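Structure first, commentary second.
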Amino acid sequence: MRAWLLLVVAVSGGLGAGLRYVADRLLTPAGGGRFPLGILIVNVSGSFALGVLTGLGTAVMPEIALALGLGLLGGYTTFSTVSVESVLLAQRGRWRDAALNLFGTLALAVLGAGLGIVLGAGIATALAL
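Sequential numbering of the sequence shown, starting at 59, is according to this note's numbering.
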């Protein structure tokens, strides 16, 4: 293992977590709102971005892919927050919102990842021309 790469992944992961915090605060209404929209948008956009990175494949240097994918986007997205928020919604008797948060996040994140992979692969193909 290369120590410098570990450091780059760790620092970029911290940056991703900071970006998640800022995005969630900007996207969540004052007082929290009824639904965790900020984290939903973070996870879907992060899945899309990781899909693009994956679709780009070998057009991206492996070290950059690690820093961006594992580090930045790994720190940016969060499944644990979705899990906790879904449980908290259910505990408040808001079963519909809990199910929408859990399954909506999963469905939209997978859709975002798929679209990102297609876009990234298209970009990689165009760059190869």
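Ideal placement from N, C-alpha and C gives every residue a C-beta, glycine not left out.
Since the model is a prediction, treat every value here as computed from it, not as a measurement.
- Following the DSSP letters along the chain, one finds Phe137 inside the alpha helix (DSSP H) bounded by residues 137-149.
- Going by DSSP, Pro120 is part of the alpha helix (DSSP H) stretching over 120-123.
- The DSSP-derived three-state label of Ala88 is coil.
- Put simply, the region 149-161 does not touch the region 130-137. Fewer than three CB pairs are less than 8 Å apart.
- By the CB criterion at 7 Å, Ala156 and Leu164 fall outside the cutoff.
- Straight-line measurement puts the Cα of Thr86 at about 16 Å from the Cα of Val142.
- Annotation: the region 61-107 contains the following complete segments of the alpha helix (DSSP H) (minimum length 4 residues), in chain order: 61-85.
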